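Enquirer: Numbering (our numbering), first residue to last: 702 to 1208. Supplied in structure tokens, the structure appears directly below.
This is how it looks when you write it as structure tokens:
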């Protein structure tokens, strides 16, 4: 074990003792100490689900990247393992950047981007990003003697050697494939494909997809590629996008393309990009295939465009709840992994509740909860008004705006507002305790053709994940609100009718 890796392992053990566990999420992966960002190496090895992540243990800020490591049997209860990788070699001395993992020959292989610098003919130094490999037993890992295994020199001439990172690996019919984010002098974002028979000798295959219009960011980070239903899906996280209606927001986004893949010709005919999450904190998602056939995705619950952190907090960063993916009706649907239901206790249910200006319901509160609110279609309300015998009742009863306040007390709140006529849902965490310069609001369009609006909220102390209409869309946000703020309020400017089902999450 190198001196740098040993130092990181000892440091996280000692420093983690000083962090109150009650201030951390209970069933989401979070930084043991210091900083974490992108999920890495999300995979199954020897019957357990492993998750690695970009990690800088020595401060709450981004720094020389290590790989942190957690493991689970059910994706709800996570066990912290020792730091897996440290930047301790010449070829990765500037950081062990993002990557993936795969089981091969009874071992777990970690494929990552090693970052170093190279002196140019004019004497200046320039960053170089190459792909490296380490082998391990699920806890301890040894970097290969021959690293890097894929270098920028293997790319087409105009492709960048500076921005060439985040390899995602998979195996198909005895051949390993590696997809890596890149860009070129002419194309601001692309993903390139390599293949290998032994994980040691690799060859360049093709540029699988690219940002030929220039409208989808300047660098496609953290690519992932997999079959889902009768399509293939390409996920990536473009940097520096510009807002496009309600679909994307300014800055860093995470999106997907669906399309048809020819595995012999290595061609991917992709459709238009679609956002993966419509909230404020979601980036760099990665998927894995479970033994039971489920495709599950996890992401960094933050982004480079926001920094939500409590004063004096000694850790920074957490992951989303893993989500099951399904392709139907021409798009991806997402729902929390079903294992969360094993921890639901203390059911509280209300039916056909009329909401006026402000309403709280007994037993409906909390910060570790699974809450479903179903808002009745306005047509149903109008039908009831027609039966009242008052011809003017319809206009009086139908609401235009419906709001839910979560994590609320007299000082704090996070608000979800639905505009019925425009079919727009707005997220507003302005009063959640965030710094004033943090992005606090986002809107999304709800276009599902269904009778009622169904909103499922998963709260875990400092986070809210919203699943709309059984996973048609999702919205994720971090809130630095004190856990004592646990009230939930419902508001309407007319006569809204809701069904409410709430569970406590008890580990």
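All C-beta atoms in this analysis are idealised placements derived from N, C-alpha and C, irrespective of residue type, glycine included. Just so it is clear, the structure is predicted and the values come from calculations on it, not from any experiment.
#1: Who are residue 1170's beta bridge partners in DSSP?
#2: Which residues share a DSSP beta bridge with residue 1146?
#3: Could you tell me which of 874, 875 and 853 sits nearest to residue 893, measuring between CA atoms?
#4: Among all the DSSP beta bridges, which residues are the ones paired with residue 883?
#5: If we call anything under 8 Å between Cβ atoms a contact, is residue 850 one with residue 832?
#6: Inspect the beta-carbon positions of residue 785 and residue 842 and report whether they are closer than 8 Å.
#7: Taking its Cβ as the centre, do 16 or more other Cβ atoms sit within 10 Å of residue 824, making it buried, or is it exposed?
#8: Residue 1127 and residue 1118: beta carbons closer than 8 Å?
#9: Of all the options 878, 905 and 896, which has the alpha carbon lying nearest to the alpha carbon of residue 858?
#10: Residue 1048 lies in the beta strand (DSSP E); which residues open and close that run?
#11: Assuming residue 1196 and residue 1055 are in contact, meaning their beta carbons sit under 8 Å apart, how far apart are those beta carbons, in whole angstroms?
#12: At what residues does the beta strand (DSSP E) containing residue 1237 begin and finish?
#13: Spatial neighbours of residue 922 within its chain, please: C-beta separation below 6 Å, excluding the five flanking residues on both sides.
#14: Residue 942: buried (16+ other C-beta within 10 angstroms of its C-beta) or exposed?
#15: I need the straight-line Cα distance from residue 751 to residue 725, nearest angstrom please.
#16: Around the Cβ of residue 797, are there at least 16 other Cβ atoms within 10 angstroms (buried) or fewer (exposed)?
#17: Going by alpha carbons, who is nearest to residue 1171 out of 966, 1027, 763 and 1140?
#18: Would you identify the three-state DSSP class for residue 875, choosing helix, strand or coil?
#19: Starting from the C-beta of residue 747, find all residues in its chain whose C-beta is less than 7 Å away, skip the five residues before and the five after it, and write them out in chain order.
#20: What is the DSSP secondary structure of residue 940, reduced to helix, strand or coil?
#21: Could you give the residue range of the beta strand (DSSP E) that holds residue 1028?
#22: Could you check how far apart the C-beta atoms of residue 1144 and residue 947 are, in whole angstroms? I think they sit under 8 Å.
#23: Are the stretch 1014 to 1030 and the stretch 1182 to 1202 in contact at 8 Å, needing three or more beta carbon pairs?
#24: How many Å lie between residue 1043 and residue 983 at the Cα?
#25: Tell me, please, whether the stretch 966 to 975 touches the stretch 717 to 733 by the rule of three or more beta-carbon pairs shorter than 8 Å.
Expert: Judging by the given coordinates:
#1: Beta-bridge pairing links residue 1170 to no other residue.
#2: 1125
#3: 853
#4: 865 and 891
#5: yes
#6: yes
#7: exposed
#8: yes
#9: 905
#10: 1045 to 1056
#11: 6 Å
#12: Outside the displayed span of the chain (702 to 1208) sits residue 1237, for which this structure offers no information.
#13: 867, 882 and 938
#14: buried
#15: 20 Å
#16: buried
#17: 1027
#18: coil
#19: 839
#20: coil
#21: 1024 to 1029
#22: 5 Å
#23: no
#24: 25 Å
#25: no
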